[in-house]
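Undergrad:
2 protein chains.
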Amino acid sequence: MIKKMLADDLRLKWNRVQQAMKATGADGCLLSIDVNLYYMAGRIFSGYFYLPADGDPFFFVKRPNGLSDEQVVYIRKPEQITDAFAERGIKKPEKLLLEADELTYNEYMRLLAIFNPKETANATTLMRTLRSIKTPWEIEQFRISAKQHDKTYAEIPSCYRPDMTDLEFQYEIEKRMRQNGSIGLFRSFGTNMDIFMGSVLAGDNAATPSPFDFALGGEGVISLPLGANGTALKNGMAIMVDMAGNYTAYITDMTRVFSVGKLPEQACKAHRVSICIQQEIERMAKPGTACSELYNLSLRMAEREGLSACFMGTEQQAKFVGHGVGIQINELPVLAPRSKERLAPNMVFALEPKFVIPGVGAVGIENSFRVTESGLEKLTLAEENIIQLC
Amino acid sequence: MIKKMLADDLRLKWNRVQQAMKATGADGCLLSIDVNLYYMAGRIFSGYFYLPADGDPFFFVKRPNGLSDEQVVYIRKPEQITDAFAERGIKKPEKLLLEADELTYNEYMRLLAIFNPKETANATTLMRTLRSIKTPWEIEQFRISAKQHDKTYAEIPSCYRPDMTDLEFQYEIEKRMRQNGSIGLFRSFGTNMDIFMGSVLAGDNAATPSPFDFALGGEGVISLPLGANGTALKNGMAIMVDMAGNYTAYITDMTRVFSVGKLPEQACKAHRVSICIQQEIERMAKPGTACSELYNLSLRMAEREGLSACFMGTEQQAKFVGHGVGIQINELPVLAPRSKERLAPNMVFALEPKFVIPGVGAVGIENSFRVTESGLEKLTLAEENIIQLC
Numbered sequence: 001m002i003k004k005m006l007a008d009d010l011r012l013k014w015n016r017v018q019q020a021m022k023a024t025g026a027d028g029c030l031l032s033i034d035v036n037l038y039y040m041a042g043r044i045f046s047g048y049f050y051l052p053a054d055g056d057p058f059f060f061v062k063r064p065n066g067l068s069d070e071q072v073v074y075i076r077k078p079e080q081i082t083d084a085f086a087e088r089g090i091k092k093p094e095k096l097l098l099e100a101d102e103l104t105y106n107e108y109m110r111l112l113a114i115f116n117p118k119e120t121a122n123a124t125t126l127m128r129t130l131r132s133i134k135t136p137w138e139i140e141q142f143r144i145s146a147k148q149h150d151k152t153y154a155e156i157p158s159c160y161r162p163d164m165t166d167l168e169f170q171y172e173i174e175k176r177m178r179q180n181g182s183i184g185l186f187r188s189f190g191t192n193m194d195i196f197m198g199s200v201l202a203g204d205n206a207a208t209p210s211p212f213d214f215a216l217g218g219e220g221v222i223s224l225p226l227g228a229n230g231t232a233l234k235n236g237m238a239i240m241v242d243m244a245g246n247y248t249a250y251i252t253d254m255t256r257v258f259s260v261g262k263l264p265e266q267a268c269k270a271h272r273v274s275i276c277i278q279q280e281i282e283r284m285a286k287p288g289t290a291c292s293e294l295y296n297l298s299l300r301m302a303e304r305e306g307l308s309a310c311f312m313g314t315e316q317q318a319k320f321v322g323h324g325v326g327i328q329i330n331e332l333p334v335l336a337p338r339s340k341e342r343l344a345p346n347m348v349f350a351l352e353p354k355f356v357i358p359g360v361g362a363v364g365i366e367n368s369f370r371v372t373e374s375g376l377e378k379l380t381l382a383e384e385n386i387i388q389l390c
Numbered sequence: 001m002i003k004k005m006l007a008d009d010l011r012l013k014w015n016r017v018q019q020a021m022k023a024t025g026a027d028g029c030l031l032s033i034d035v036n037l038y039y040m041a042g043r044i045f046s047g048y049f050y051l052p053a054d055g056d057p058f059f060f061v062k063r064p065n066g067l068s069d070e071q072v073v074y075i076r077k078p079e080q081i082t083d084a085f086a087e088r089g090i091k092k093p094e095k096l097l098l099e100a101d102e103l104t105y106n107e108y109m110r111l112l113a114i115f116n117p118k119e120t121a122n123a124t125t126l127m128r129t130l131r132s133i134k135t136p137w138e139i140e141q142f143r144i145s146a147k148q149h150d151k152t153y154a155e156i157p158s159c160y161r162p163d164m165t166d167l168e169f170q171y172e173i174e175k176r177m178r179q180n181g182s183i184g185l186f187r188s189f190g191t192n193m194d195i196f197m198g199s200v201l202a203g204d205n206a207a208t209p210s211p212f213d214f215a216l217g218g219e220g221v222i223s224l225p226l227g228a229n230g231t232a233l234k235n236g237m238a239i240m241v242d243m244a245g246n247y248t249a250y251i252t253d254m255t256r257v258f259s260v261g262k263l264p265e266q267a268c269k270a271h272r273v274s275i276c277i278q279q280e281i282e283r284m285a286k287p288g289t290a291c292s293e294l295y296n297l298s299l300r301m302a303e304r305e306g307l308s309a310c311f312m313g314t315e316q317q318a319k320f321v322g323h324g325v326g327i328q329i330n331e332l333p334v335l336a337p338r339s340k341e342r343l344a345p346n347m348v349f350a351l352e353p354k355f356v357i358p359g360v361g362a363v364g365i366e367n368s369f370r371v372t373e374s375g376l377e378k379l380t381l382a383e384e385n386i387i388q389l390c
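For the protein sequence lines, the chains are U and V, in the order given.
First residue of the first sequence: 1, per the numbering used here; consecutive thereafter.
First residue of the second sequence: 1, per the numbering used here; consecutive thereafter.
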């Protein structure tokens, strides 16, 4: 039932979850959110993935979709899961992991009534923690995404025409993303984290706060208060392109800055500081490094250059300088002052020290990195200097 | 704080919610999900919209965004909402409406601990019911969307080139959607209802079941199991285009069929039956009509033509023939056999009697309708016959 190339990868993931379950005394983990299904089953289906602390998982499937295996049980509603347990002599879990930060309240309460466990724990927290350490297959997916991401970014200068708006520029980039294999859909974690394919921020729109918890904001349009807002691209303006690298299910994150004409020295300097911050982090980061230290180091370097007031925004400053990436754009770890996490081999994260320069726009870069046994490996490799469009 | 053109519309909505609250003895309604915020506040912000059963609402805002009004209270966390109530001598609600089908379990439990109400009720159910009856301003938004939707669909033949795939065809349509003002982001209600801008189904891919609860499926690509899958467009193939009408926050829904060369008579006939079903529903539907009857009538007509086995799919048949549209693509009412709803003036719904013809693809049409005082008004007006691309 599972594509052979994926089978080993899935088994590796199941083993990790089972180890974590045993360590905390959980007997069962029930998952039904798209990203967790994709992670654990290699596909999104309508239904539930149940993993006991020992043994093989069950796929409880609500819609016919070709799944067939002794571990696959077709159901119409979740109440039939425990019936299937009873028929097969499977013990109901006493300590059950449920996706408490992803299921709706009513979905969660329904599952609670069905399983009636003695104890519950948060599958969202566990899965997000485990998902932060990528498997070899996942790393391979990132490499495919990164390559296509680089290819699209190399085509960005060809998207520009004089007198266009930020939105028109973005439409051209979107088209090239799709032609290079982007799945389009951009997955993020959390309520009200809407984004469409990424963000293009031109000029002072980069300073406009957004309600969403992305690094920078932008006014957006209509009912999407993020990103491009119809700003006419003008001479002396920085255009920050932060469009998704969703060319596989695994998203690379990369930001580059383009300019109409030349930018003032203050903006160019801030851009160089962003590259210096990245270089410094590439030098010092390795397994064991505190994620908070990556933020603190970035902020200190920004302060030393007199740029702290425009670091990660002006009106609203994001309190992080990077974040894990994966099936969702905002996975663990978070590179934030209060982060308790430490880098570990095969974490994949985006580092995005950015500055907003009033009257110019946003500058800085973002790249996706894999944590190796001894340091960092940069996955996204497009040209990092400010690229002048005309 | 609110754009003047919207102020009357918002007050109308607040009054409706307050009337419903009084009718059920609720004293307060707390909303924080994007679509409910847009509906009640005219904008998505980071925070909470609180409406008491009597009096003006409060905006509890977590991020600076220019909102300023005596009803706006800046907070860092939801725990400060009840502090703000205490400071202002506002009574805590005894019966509180919370978005039980939208908030995550943990978000809901946190709010419950903060407010500690004697009783709760489901704000999701209430808001979805009220949102099904559109206001004059909302109808105007639909008209704008419909006009741009028509414009994009008229451009679809220019998207076709010989030897392209369904995905390549879709990319061209997406580009025109964006150029005509689509916001891109496609909002739907429910867990795991992922969709990117709409669906293009070519040939037998139309029969592939999807885990998601849309009218038809399609294999999709990678981690998006819906819609186009890279099918090469070939002679004799039907291509069903069901791309979003999200040109304002209010989404019109429209489907048209294009063909490569001529389609076999069986497919042409099924398409005509779809148009006949629509005509029959246009003749009989009016305020008071049971939504279930619209489904039953459609199914009866399909049966009479010997098409019930391919009505709304083959391998997997959707058990509805239409649905309300609004800020989300799947609002109330649902035109399904067990629907208890009846049409009412200013409901806006999509009617989509579709057939999947093996070896050909999907045929049929979909349009968005407003319920008037005496019948239906069709909002989406693109050519309804099968359009031959070459």
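Each residue gets a CB set at the ideal place from its N, CA and C atoms; glycine is no exception.
Here the structure is a predicted model, which is why all the values come from computation and not from measurement.
Taking all protein chains shown into account, decide if V/Asp69 is buried (16 or more other Cβ within 10 angstroms of its Cβ) or exposed.
TA: Flag for V/Asp69 reads exposed.
Undergrad: Check V/Thr255 in the structure and name its three-state DSSP category.
TA: Correct three-state label for V/Thr255: strand.
Undergrad: Is U/Arg370 helix, strand or coil when you go by DSSP?
TA: Three-state result, U/Arg370: strand.
Undergrad: Consider the Cβ of V/Gly463: report whether some Cβ of chain U lies at a distance smaller than 8 Å.
TA: Because chain V in this structure spans residues 1 to 390, residue 463 of chain V falls outside the shown range and cannot be described.
Undergrad: Starting from V/Ile327, follow its DSSP beta bridges and name the residues at the other end.
TA: Bridge partners of V/Ile327: none, in fact.
Undergrad: Go ahead and label V/Gln148 buried or exposed: buried means 16 or more other beta carbons lie within 10 angstroms of its beta carbon, across all protein chains shown.
TA: So V/Gln148 ends up on the buried side.
Undergrad: In this structure, how does DSSP classify V/Pro52 when only helix, strand and coil are distinguished?
TA: Three-state DSSP puts V/Pro52 in a strand.
Undergrad: For the segment 161-187 of chain U, enumerate the residues whose C-beta is nearer than 7 Å to any C-beta of chain V, in chain order.
TA: Answer set for the segment 161-187 of chain U: Tyr171, Glu174, Lys175, Arg178, Gln179, Ile183, Gly184 and Leu185.
Undergrad: Kindly say whether U/Thr191, judged by its beta-carbon, lies nearer than 8 Å to any beta-carbon of chain V.
TA: Closer than 8 Å to some Cβ of chain V, the Cβ of U/Thr191 qualifies, so yes.
Undergrad: Rounded to whole angstroms, what's the CA-CA distance from V/Asn229 to V/Ala202? Just pull it up for me.
TA: Cα-Cα distance, rounded: 9 Å.
Undergrad: Does the count of Cβ pairs from the segment 312-324 of chain U and the segment 102-120 of chain U closer than 8 Å reach three?
TA: Taking 8 Å as the limit for Cβ pairs, the verdict is that the segment 102-120 of chain U does not touch the segment 312-324 of chain U.
Undergrad: Decide yes or no for the touch test of the segment 215-227 of chain V against the segment 182-190 of chain V: beta carbon pairs closer than 8 Å, at least 3 of them.
TA: With the cut-off at 8 Å, the segment 215-227 of chain V and the segment 182-190 of chain V do not touch.
Undergrad: Would a check of beta-carbon distances place U/Met40 closer than 8 Å to chain V?
TA: Chain V contact via Cβ: absent.
Undergrad: My output table needs one value for U/Gly203: the three-state DSSP class, helix, strand or coil.
TA: Residue state, collapsed to three classes: helix.
Undergrad: For V/Ile44 and chain U, any beta-carbon pair shorter than 8 Å?
TA: Chain U, which has a Cβ nearer than 8 Å to the Cβ of V/Ile44, makes this yes.
Undergrad: Please report the straight-line C-alpha distance between V/Ser46 and U/Val334, rounded to a whole angstrom.
TA: One C-alpha to the other measures close to 20 Å.
Undergrad: Check the Cβ of V/Val221 against every Cβ in chain U and list those closer than 8 Å, keeping chain order.
TA: By Cβ distance, chain U contributes Ile183.
Undergrad: Against chain U, which members of the segment 90-120 of chain V pass a CB distance test of less than 7 Å?
TA: Correct list: Ala100, Asp101, Glu102, Leu103, Thr104, Tyr105, Asn106, Glu107 and Tyr108.
Undergrad: Report the option in V/Phe258, V/Asp213, V/Phe169 and V/Ser145 whose CA atom is closest to the CA atom of V/Thr231.
TA: The option with the nearest alpha carbon to V/Thr231 is V/Phe169.
Undergrad: How about V/Trp14 and V/Leu51: do their beta carbons lie closer than 8 Å?
TA: Their beta carbons are under 8 Å apart, which means V/Trp14 touches V/Leu51 by this criterion.
Undergrad: Along the beta strand (DSSP E) that carries V/Thr120, what are the first and last residues, could you check?
TA: Per DSSP, V/Thr120 belongs to the beta strand (DSSP E) from Glu119 to Asn122.
Undergrad: Which of the three DSSP states is assigned to U/Arg304 in this structure?
TA: In this structure, U/Arg304 counts as helix in the three-state DSSP scheme.
Undergrad: Whole angstroms are fine: how far does the CA of U/Glu341 sit from the CA of U/Thr129?
TA: Each residue's alpha carbon lies about 10 Å from the other.
Undergrad: So, is the C-beta of V/Met127 closer than 8 Å to a C-beta in chain U?
TA: Chain U contact via Cβ: absent.
Undergrad: Looking at the unbroken alpha helix (DSSP H) that takes in U/Tyr440, where does it start and where does it end?
TA: Shown here, chain U extends from 1 to 390; a query on residue 440 of chain U therefore has no answer.
Undergrad: What are the partner residues of V/Glu377, as DSSP defines its beta bridges?
TA: BP columns for V/Glu377 point to V/Arg370.
Undergrad: For U/Tyr250, which three-state DSSP category applies?
TA: In this structure, U/Tyr250 counts as coil in the three-state DSSP scheme.
Undergrad: Note down, in chain order, every chain U residue with its Cβ under 9 Å from the Cβ of V/Phe85.
TA: Those do not exist, as V/Phe85 stays about 22 Å from chain U at its closest Cβ, beyond 9 Å.
Undergrad: Which residue's Cα is closest to the Cα of U/Cys268: U/Met237, U/Lys62 and U/Gln179?
TA: Closest by alpha carbon: U/Met237.
Undergrad: With DSSP as the reference, label U/Leu10 as helix, strand or coil.
TA: Looking at U/Leu10 - three-state DSSP - the assignment turns out to be helix.
Undergrad: Ignore the nearest five residues each way along the sequence and tell me which others in V/Glu155's own chain have a CB closer than 6 Å to its CB.
TA: Result list for V/Glu155: Arg176, in chain order.
Undergrad: Thinking just about the alpha-carbon of each residue, which of V/Thr125, V/Asn367, V/Thr372 and V/Ile387 is nearest to the one in V/Ala146?
TA: It is V/Asn367 whose Cα lies nearest to the Cα of V/Ala146.
Undergrad: At a Cβ threshold of 8 Å, is V/Leu294 touching chain U?
TA: Chain U contact via Cβ: absent.
Undergrad: If you count every other CB in all the chains shown that lies within 10 Å of the CB of U/Leu111, and 16 or more means buried, which is it?
TA: That one is buried.
Undergrad: Is U/Glu373 near U/Pro264, with beta carbons less than 8 Å apart?
TA: No, they are not a contact pair.
Undergrad: Excluding the 5 residues preceding and the 5 following V/Asn330 in the sequence, name in chain order all residues of the same chain whose CB lies nearer than 6 Å to its CB.
TA: Closer than 6 Å at Cβ, skipping near neighbours: Ser188, Phe189 and His323.
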